[in-house]
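What follows is one structure encoded as C-alpha cells, with my remarks underneath.
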Amino acid sequence: MKTTISLIKADVGGYPGHATVHPALIETAEAVLTAAKNTGIIKDFHVMGAGDDLELIMGHDKGVDSEEIHGLAWKAFENSTKKAKDLRLYGAGQDMLSDAFSGNVRGMGPGIAEIEFMERKAEPLVAFMMDKTEPGAFNLPIYRIFADPFNTAGLVIDPNCHDGFRFEIWDILEHKRVFMNAPEELYDMLALIGAKSRYVIKRVFPKEGHKLPADEPVAVVSTEKLFQIAGEYVGKDDPVALVRAQSGLPALGEVLEPFAFPHLVSGWMRGSHNGPLMPVSFRHASCTRFDGPPRVVAAGFQINNGCLVGPVDMFDDPAYDMTRMKAQNIAEYMRRHGPFEPHRLPMEDMEYTTLPKVLKKLEDRFEKVE
Ligand code: F6R
Ligand code: MG
Ligand code: MG
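Sequential numbering of the sequence shown, starting at 338, is according to this note's numbering.
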C-alpha cells in the first residue's frame, strides 16, 4: 500500500499583523484533523505555524489531489478563518480565495506539496515551510541537494546517487513544464531555474535504474501563485516543500546543508523586496524586522505506515547560528538601500506599487529629450 504525505498551507489570519499564527487557529485546525484521524480518513497529522502561515501535514492512503483530503484541509482552514474573524486577527481568510470547495484546493488559495510513494524500510522526510517569499526560493536549495556535488557528497561517492536525478521544472507564467536530467543538462537547467520568479522546480524524481521507482517523486514544492490565481494581488505564495532522504537519496545532512547559506529571495516587506532567507526554529518563526526577514523552518519525520513520527525542529540547532548571524548582516546591508533596487524588486515583480499613479501625475511634465 502506498502512503501519501500532504503538506497544505494557507494564511488565514496573522497576529499581530502578518507576524505569526495565533495558537487558537492551530487548535481549531487540530480539532478538525483529530476528528478525521478518529474516523480513519487520515492516519496522522501535525499542525504547525511558520510566520503567518497555518501549515497542515497529513499522512494517508488516498493519493495526491484527493477530494476527501483537500476537502478536509479546506474545512480546517474555513474553521480557522471563522476563529480568526472572531478574534479580529489581521487579514482573516486572506488565502481563502473562494467561498465554496469544489473538489480540489488547487487554485483556491492554499499552497500544496504532496507525494505518494511506497514506504521504504525506514522513510525519513523533511517538511520545509517558508514565509515572506515565493516558490522560486526553493530552486537554489533543491538544486544543491539533488544536483550539486559540492553540497551532496553522495552524488560523487554513493553508487545509488551517482547517476543523478530528474527535475520537473514549471514555467509558472505560461503554465508549461519540462523534464530535465542532472547532471547531463545542468547548464541548460541553471539557465532556467536561475530565473527563479518564472521557472520553478516542481518535483524531483529518481532516474530509471535507481533502486526507487522512477515515477515516485523524492521532492515536491508548492508552486501556487496567488496573484495569478486571483488575477490581483491578495497575499504572497509563501511556499512549502517535502524532501525524502537517505538510502540512495541525499542524506538528511545533505538535505539541510544548502540552508546554511542564507541566499537572497524575493518577498520581504509588501512582497516587494529582496532579503536573505534565514533558517530558524519554530519558536523563532515570527516575522518581525521589516516584516521579516524571510524565514524557513524545517520539520523532520520518520514515516511509519502513514504515521508521522516526529517532528524534530531541524533548525533549532547552534550549527545554524553562523547562518543566522550572516543573514542578519545581509539583512542590515540590504535594508540600508531603502527604496532602491536591488533591495526593492524590479518594477515588474513588485506586488505593491504606486508607480502608475506617479507616472500619471507627471504625464504632462515629462519632456522629450533629444
Ligand atoms: C505579508 C507581508 C507584509 C505585508 C505588509 C503590508 O505576508 O509580507 O509585509 O505585505 O505588512 O500589509 P497590508 O497591506 O496588509 O497592510
Ligand atoms: Mg498574512
Ligand atoms: Mg505568510
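Glycine included, C-beta positions come from ideal geometry on N, C-alpha and C.
Since we're looking at a predicted model, the values are computed, not measured.
When beta bridges are read from the DSSP output, residue 454 appears opposite 340. Shown in chain order are the residues whose CB sits closer than 5 Å to a heavy atom of ligand 2: 348, 351, 355, 389 and 428. Collapsing the DSSP output to three states places residue 607 in a helix. With a 10 Å radius around the Cβ and a threshold of 16 neighbouring Cβ atoms, residue 560 comes out buried. Residue environment analysis places residue 519 among the buried positions, since at least 16 neighbouring C-beta atoms fall within 10 angstroms of its C-beta.
Boundaries cannot be given for residue 389, as no alpha helix (DSSP H) includes it and DSSP labels it neither H nor E. At a cut-off of 6 Å, the beta-carbon of residue 615 does not count as near ligand 1: no heavy atom of the ligand is closer than that.
Counting C-beta pairs with one atom in each stretch, the stretch 428-442 and the stretch 603-618 have fewer than three that are closer than 8 Å, which means they do not touch. For residue 522, the secondary structure class from DSSP, reduced to helix, strand or coil, is coil. With respect to residue 387, residue 556 sits apart: the two C-beta atoms are not nearer than 7 Å.
For residue 575, the CB falls within less than 6 Å of some heavy atom of ligand 3.
Separation of the CB atoms of residue 338 and residue 381 is rounded to 15 Å, and the pair is thereby denied contact status at 8 Å. Where residue 661 is concerned, the enclosing alpha helix (DSSP H) starts and stops at 658-672. Closer than 6 Å to some heavy atom of ligand 1: that describes the Cβ of residue 607. Between residue 347 and the set 363, 340, 500 and 353, the nearest pair of CA atoms involves 363. Taken atom to atom, the span from the alpha-carbon of residue 345 to that of residue 705 is near 52 Å.
In the three-state reduction of the DSSP assignment, residue 598 falls in the coil class. Relative to ligand 1, residue 698 has its C-beta separated by 6 Å or more from all heavy atoms.
As for any beta strand (DSSP E) of minimum length 3 sitting wholly inside the stretch 446-510, the runs are 448-454, 460-468 and 502-508, ordered along the chain.
For residue 628, the Cβ falls inside the 6 Å cut-off from some heavy atom of ligand 1. Apart from the 5 residues on each side of it in sequence, residue 540 sits with its Cβ closer than 8 Å to the Cβ of 504, 505, 554, 556, 557 and 558 in its chain, given in chain order. Only buried fits residue 586, as 16 or more other CB atoms lie within 10 angstroms of its CB.
Annotated three-state conformation of residue 638 is strand, per DSSP. The Cβ atoms of residue 452 and residue 342 sit closer than 7 Å to each other. When C-beta atoms of the stretch 578-594 are compared with those of the stretch 541-553, three or more pairs fall below 8 Å, so the two segments count as touching. A distance criterion of 6 Å places the beta-carbon of residue 469 in contact range of ligand 1, judged by its closest non-hydrogen atom. Going by DSSP, residue 541 is part of the beta strand (DSSP E) stretching over 536-543. Following the DSSP letters along the chain, one finds residue 699 inside the alpha helix (DSSP H) bounded by residues 692-699.
The Cβ neighbour count for residue 418, taken over all protein chains shown within 10 Å, is at least 16; the residue is labelled buried. Fewer than three beta-carbon pairs drawn from the stretch 364-376 and the stretch 437-453 are found closer than 8 Å, and the two stretches are therefore not classed as touching.
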